[in-house]
Amino acid sequence: MLSFLLFIIPIFFVIRPFRDMAYHYERHRGGYAFLAVGVYLVSYFIFGIIVAIIASRMIEPTAEDTFATFNQRVERSYWVAFLVTILLSSLTVTGLYYLLKSAWKKNPKRNVDTTSDLLDR
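Residues in the sequence shown are numbered from 1149 upward in steps of one, following my numbering.
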C-alpha cells in the first residue's frame, strides 16, 4: 500500500505545473496535463524494467547468505530500485516541462483572427 501511495504522489505534483504553463502560453490545459501523466507512467515502466535488470544482476545469493539475510537484501534492493525509478520518472517529466517551456517561449502561439479573410488583405 505504501509503495502505491509513493507511486501516485508525483502524479498529483506534475498535473498543476503543466496545466498552469499551458494556460499561460494559451495551449490546451487538459491535454498537456494528460501528457505529463502519460510521460510519467511510461517512463516509470521503462525505467522500472532497466533498474530491475540492473538490480537483479547485483543481487545474487552468496555462500554466506541464509534465507533470511538474502530476503532482507532483496527487500532493501526492492525499495532502492523503486525509489530510484520514481526519481528517474520525475526527472523525465521535469525535463519535459522545461523543454516545452523553452519551446513555447521561443515560438509563442499566434492569435489567428478568424473574422478577417486572407483574400481581403
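Think of the CB as a built atom: it goes at the ideal place given N, C-alpha and C, for glycine as much as any other residue.
The alpha helix (DSSP H) with residue i in it runs from where to where?
i     : result
H1176 : Element bounds for H1176: n/a, residue is neither H nor E.
N1219 : 1215-1254
Take the Cβ of residue i as the centre, count every other Cβ of all protein chains shown within 10 Å, and call the residue buried at 16 or more, exposed below.
i     : result
T1217 : exposed
Y1192 : buried
F1230 : buried
V1222 : exposed
Report yes if the C-beta distance between residue i and residue j is below 8 Å; otherwise report no.
i     : j     : result
S1237 : Y1180 : no
E1174 : K1257 : yes
V1199 : V1162 : no
L1183 : I1234 : no
Going straight from the alpha carbon of residue i to that of residue j, what length do you get?
i     : j     : result
L1244 : P1209 : 39 Å
A1211 : G1178 : 55 Å
K1249 : R1164 : 14 Å
Y1281 : I1194 : No information on residue 1281 is available, as it lies outside the stretch 1149 to 1269 that the chain covers here.
R1167 : T1242 : 14 Å
I1197 : T1240 : 15 Å
I'd like the list of long-range same chain contacts for residue i, defined as Cβ closer than 6 Å, with 5 residues on each side in sequence excluded.
i     : result
S1225 : A1203, I1207
Below 7 Å CB to CB, which residues in the same chain sit around residue i once its five sequence neighbours on both sides are set aside?
i     : result
I1159 : V1185, Y1188
R1269 : Only weak support exists for where R1269 lies, its pLDDT of 48 falling under 50; the coordinates are left without a value.
Output needed for residue i: all residues of its chain with C-beta closer than 8 Å, excluding positions within five of it in sequence on either side, in chain order.
i     : result
H1176 : A1170
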